[in-house]
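Just so it is clear: in the sequence shown, position 339 is 368 by my numbering, and no numbers are missing.
In this text, a Cβ means the ideal position worked out from N, Cα and C, and glycines have one as well.
To start, the structure itself, in structure tokens.
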Amino acid sequence: MLTMKKEIAAALADGIAKLGAPTVPEAAEIAAMLEYPPEESMGDLALPCFKLSRTLRRAPVQIAAALADALADVACVQKAEAVNGYLNITIAGQYLLDRVLADIFAKGEKYGASDMGKGKTVVLDYSSPNVAKPFHIGHLGTTVIGHSLKKLHEFAGYGCVGINYLGDWGTQFGKLIVAYKKWGNREMIEQGGIDKLVELYVQINNAISGNEEKCIPADPALGDEARAEFHKLEQGDEENLALWRWFIDISLAEYEKTYKQLGIEFDSYKGESFYTDKMPAQVQKLRDQGLLKIDDGASIVDLEPYGMPPCLILKRDGSTLYPTRDIAAAVYRKETYDFDKAIYVTSAGQSLHFAQWFKVVELMGYEWFDQLVHVPYGTVSINGAKLATRTGNVVLLKDLFKAAIDEVAAIMEQKNPNIENKAEVAEAVGVGAIVFYYLSNSRIKDINFVMEDALNFDGNTGPYVQYTYARTCAVLRKAGEDEGGTLKITAPEEGTLLKTLARFPEKVLSAIADYEPSVITRYILEVAAAFNRFYHSCPILGSEDADVRATRVAITRAANIVLGNAFPLICLKKMEKI
Ligand code: ARG
Numbered sequence: 030m031l032t033m034k035k036e037i038a039a040a041l042a043d044g045i046a047k048l049g050a051p052t053v054p055e056a057a058e059i060a061a062m063l064e065y066p067p068e069e070s071m072g073d074l075a076l077p078c079f080k081l082s083r084t085l086r087r088a089p090v091q092i093a094a095a096l097a098d099a100l101a102d103v104a105c106v107q108k109a110e111a112v113n114g115y116l117n118i119t120i121a122g123q124y125l126l127d128r129v130l131a132d133i134f135a136k137g138e139k140y141g142a143s144d145m146g147k148g149k150t151v152v153l154d155y156s157s158p159n160v161a162k163p164f165h166i167g168h169l170g171t172t173v174i175g176h177s178l179k180k181l182h183e184f185a186g187y188g189c190v191g192i193n194y195l196g197d198w199g200t201q202f203g204k205l206i207v208a209y210k211k212w213g214n215r216e217m218i219e220q221g222g223i224d225k226l227v228e229l230y231v232q233i234n235n236a237i238s239g240n241e242e243k244c245i246p247a248d249p250a251l252g253d254e255a256r257a258e259f260h261k262l263e264q265g266d267e268e269n270l271a272l273w274r275w276f277i278d279i280s281l282a283e284y285e286k287t288y289k290q291l292g293i294e295f296d297s298y299k300g301e302s303f304y305t306d307k308m309p310a311q312v313q314k315l316r317d318q319g320l321l322k323i324d325d326g327a328s329i330v331d332l333e334p335y336g337m338p339p340c341l342i343l344k345r346d347g348s349t350l351y352p353t354r355d356i357a358a359a360v361y362r363k364e365t366y367d368f369d370k371a372i373y374v375t376s377a378g379q380s381l382h383f384a385q386w387f388k389v390v391e392l393m394g395y396e397w398f399d400q401l402v403h404v405p406y407g408t409v410s411i412n413g414a415k416l417a418t419r420t421g422n423v424v425l426l427k428d429l430f431k432a433a434i435d436e437v438a439a440i441m442e443q444k445n446p447n448i449e450n451k452a453e454v455a456e457a458v459g460v461g462a463i464v465f466y467y468l469s470n471s472r473i474k475d476i477n478f479v480m481e482d483a484l485n486f487d488g489n490t491g492p493y494v495q496y497t498y499a500r501t502c503a504v505l506r507k508a509g510e511d512e513g514g515t516l517k518i519t520a521p522e523e524g525t526l527l528k529t530l531a532r533f534p535e536k537v538l539s540a541i542a543d544y545e546p547s548v549i550t551r552y553i554l555e556v557a558a559a560f561n562r563f564y565h566s567c568p569i570l571g572s573e574d575a576d577v578r579a580t581r582v583a584i585t586r587a588a589n590i591v592l593g594n595a596f597p598l599i600c601l602k603k604m605e606k607i
């Protein structure tokens, strides 16, 4: 649609000039004014003429009528009609067929891609679970939104660095070491893996703070012990360091399984611990610049002039904090990758944290402060229950995936028991269902997870779109080699599908501009709906006329390419057979 918009906009610019406008908007500006009408009967594109009416000193209705004439000779326009101050434009079917198909086939896997980000680097910080704490469904957002944004930026030509900023440092390790020494042993962890670690972590938290429900009295002395063990770790105590590394390895091995199911790989696993020796220089810089204030023994940066609470840099005992580490990490990443943009994907609960330390970076005089972007997302609950992190009352991501995979396997057993690589398909469809359901919503919205809805093969779901993709593959398998023929449009469903396919490149740009993978998810649904309508009303392989058959096979191939290019952008695997 972008090329068509350009052609139309150029003719409109001429038309506007002829109407005697004192200043004529640039063609690009006019192209941006073109809207997609809400209903197909209103055409494929529309130009609202209300804004123009001020400069042209004419009624919008008159302008629309005059501009309709200006489009008379534009190749891609079949019809231009003035309706109530809008200029409604219908694209010629044959044009769509020739140009859109040619474009999709010529670009293939690159259809939808661009070179907008050529020579630019984007660093994305996402997933970043806290080791030893549960990797729960609250992390689904950062993991899949983060990875989708990476894929989208890569598709737009950016060089991308995906960073898993593991929470691999902090007092939780002191707690875990105490718990392990008290209640654990090597064998138990080797067998139980991360689940056992989390169990120990939950147990020690309950023991320190007490748990009324479970009649566990609070034992603050254990908290002191934990702090002492962490202090030993910080001082480089061999035994504690070895335990710490081991805990991380066990956790990472487990995360890897989940990432593999999602098709996610990271370029860097430099976690919080990596920045320990990089913080003092930044703290010193803050001090030298006179930005640090002592407040009740702690060192802070006052952000009152900016309407925010102070940013905590050092605790009373001199230990560093979450923002301190983030500042040091950002400086390191700028020096290492020379990024043009650094994206951080976390829950909206951390928005203040990011706003605060972004401001501190600005006050420190780093001129790249405005390249830092926080991308927040809403909360996830399961059938209404919010997820707690500490008490053990959480839904783990891997359990959610497993439940979906098991259910899909059972459905497949009924529907299609003879399918090859059953396990692989069940995993792709089960995990895909969850990801798709999650990414169907605008990221900032709080969502309630309903498994039945996510897995509904007939709803607007992952299984439905994956099934649609497999359907395009089946048609193409049966169609065999292209036989050629004169392509011609004979049914409205063909045109609608082509127009939908033509919008993919714009959707990619808009998903990037808004950091919003749901744009792609919803677009995939539009393509699936248009394809299925086409599939049900237009016989493809069964059509008598060789040209009609060739046209429909070509359109199916185009839909297959677009869906195939779009799926990986939202962590969805494509299966040729389901
Ligand atoms: N580990 C943190 C958490 O689970 C998220 C880290 C986000 N990234 C960052 N640079 N602060 O809450």
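{"Check": "Val151 - partner residues in DSSP beta bridges", "Outcome": "Cys189, Lys370"}
{"Check": "Euclidean distance between Cα positions of Tyr366 and Leu332", "Outcome": "29 Å"}
{"Check": "Short Cβ contact (8 Å threshold) for Ala247 with Ile233", "Outcome": "no"}
{"Check": "Distance CB(Cys567)-CB(Ala503) smaller than 8 Å", "Outcome": "no"}
{"Check": "Pairwise C-alpha distance: Asn447 and Leu63", "Outcome": "49 Å"}
{"Check": "Alpha-carbon spacing of Leu41 relative to Ala56, whole angstroms", "Outcome": "8 Å"}
{"Check": "Contact the region 381-395 vs the region 176-183: 3+ CB pairs below 8 Å", "Outcome": "no"}
{"Check": "Simplified DSSP assignment, three categories, for Asn235", "Outcome": "helix"}
{"Check": "Cβ distance (whole Å) where Ser156 is taken to contact Leu468 below 8 Å", "Outcome": "Ser156 to Leu468, Cβ: 15 Å. No contact."}
{"Check": "Check: Ala358 C-beta below 7 Å from any heavy atom of the ligand ARG", "Outcome": "yes"}
{"Check": "Cβ pair count under 8 Å reaching 3, the region 118-132 against the region 143-152", "Outcome": "no"}
{"Check": "Whole-angstrom distance between Ala271 and Gln264, CA atom to CA atom", "Outcome": "13 Å"}
{"Check": "Opening and closing residue of the alpha helix (DSSP H) in which Pro77 lies", "Outcome": "Segment 74-77 is the beta strand (DSSP E) holding Pro77; no alpha helix (DSSP H) there."}
{"Check": "Candidates Trp212, Gln220, Lys243, of which the one nearest Tyr230 by Cα", "Outcome": "Trp212"}
{"Check": "Top-ranked residue by Cα proximity to Val227, from Asn159, Leu262, Asp482", "Outcome": "Asn159"}
{"Check": "Proximity winner among Tyr361, Leu320, Arg362, relative to Leu343 (alpha-carbon distances)", "Outcome": "Leu320"}
{"Check": "Helix, strand or coil at Val106 according to DSSP, with G and I counted as helix", "Outcome": "strand"}
{"Check": "Reference Phe533, options Gln91, Val591, Asn113, Gly347, closest by Cα", "Outcome": "Val591"}
{"Check": "Rounded separation between Gly8 and Lys35 - CA only", "Outcome": "Residue 8 is absent from the model: the chain starts at 30 and stops at 607."}
{"Check": "Nearest-angstrom Cα separation, counted from Val424 out to Lys286", "Outcome": "17 Å"}
{"Check": "Runs of alpha helix (DSSP H) lying entirely within the region 240-300, each at least 4 residues, in chain order", "Outcome": "249-263, 267-291"}
{"Check": "Secondary structure of Pro534, DSSP reduced to three states", "Outcome": "helix"}
{"Check": "Span of the beta strand (DSSP E), counted from its first residue to its last, around Lys322", "Outcome": "321-324"}
{"Check": "heavy atom of the ligand ARG below 7 Å from Thr305 C-beta", "Outcome": "no"}
{"Check": "Contact between the region 549-564 and the region 132-142 (3+ Cβ pairs under 8 Å)", "Outcome": "no"}
{"Check": "When Gln379, Ile356, Asp369 are compared against Gly394, the one with the closest alpha-carbon", "Outcome": "Ile356"}
{"Check": "Three-pair Cβ contact test at 8 Å for the region 113-123 versus the region 515-530", "Outcome": "yes"}
{"Check": "Near the ligand ARG: Thr84 beta-carbon under 7 Å from a heavy atom", "Outcome": "no"}
{"Check": "C-alpha distance - Lys363 paired with Glu301, whole-angstrom precision", "Outcome": "16 Å"}
{"Check": "Local Cβ density within 10 Å of Gly137, reported as buried at 16 or more and exposed below that", "Outcome": "exposed"}
{"Check": "Asp154 vs Tyr298 beta-carbon contact at 8 Å", "Outcome": "no"}
{"Check": "Among Ser82, Arg87, Pro163, Ser70, the one whose alpha carbon lies nearest that of Asn117", "Outcome": "Ser70"}
{"Check": "Under 8 Å between C-beta atoms of Arg354 and Tyr304", "Outcome": "yes"}
{"Check": "Endpoints, the alpha helix (DSSP H) within which Phe486 is located", "Outcome": "Per DSSP, Phe486 belongs to no alpha helix (DSSP H) and is neither H nor E."}
{"Check": "Any 3 or more C-beta pairs closer than 8 Å across the region 478-496 and the region 91-107", "Outcome": "no"}
{"Check": "Distance, Lys388 Cα to Gly336 Cα", "Outcome": "11 Å"}
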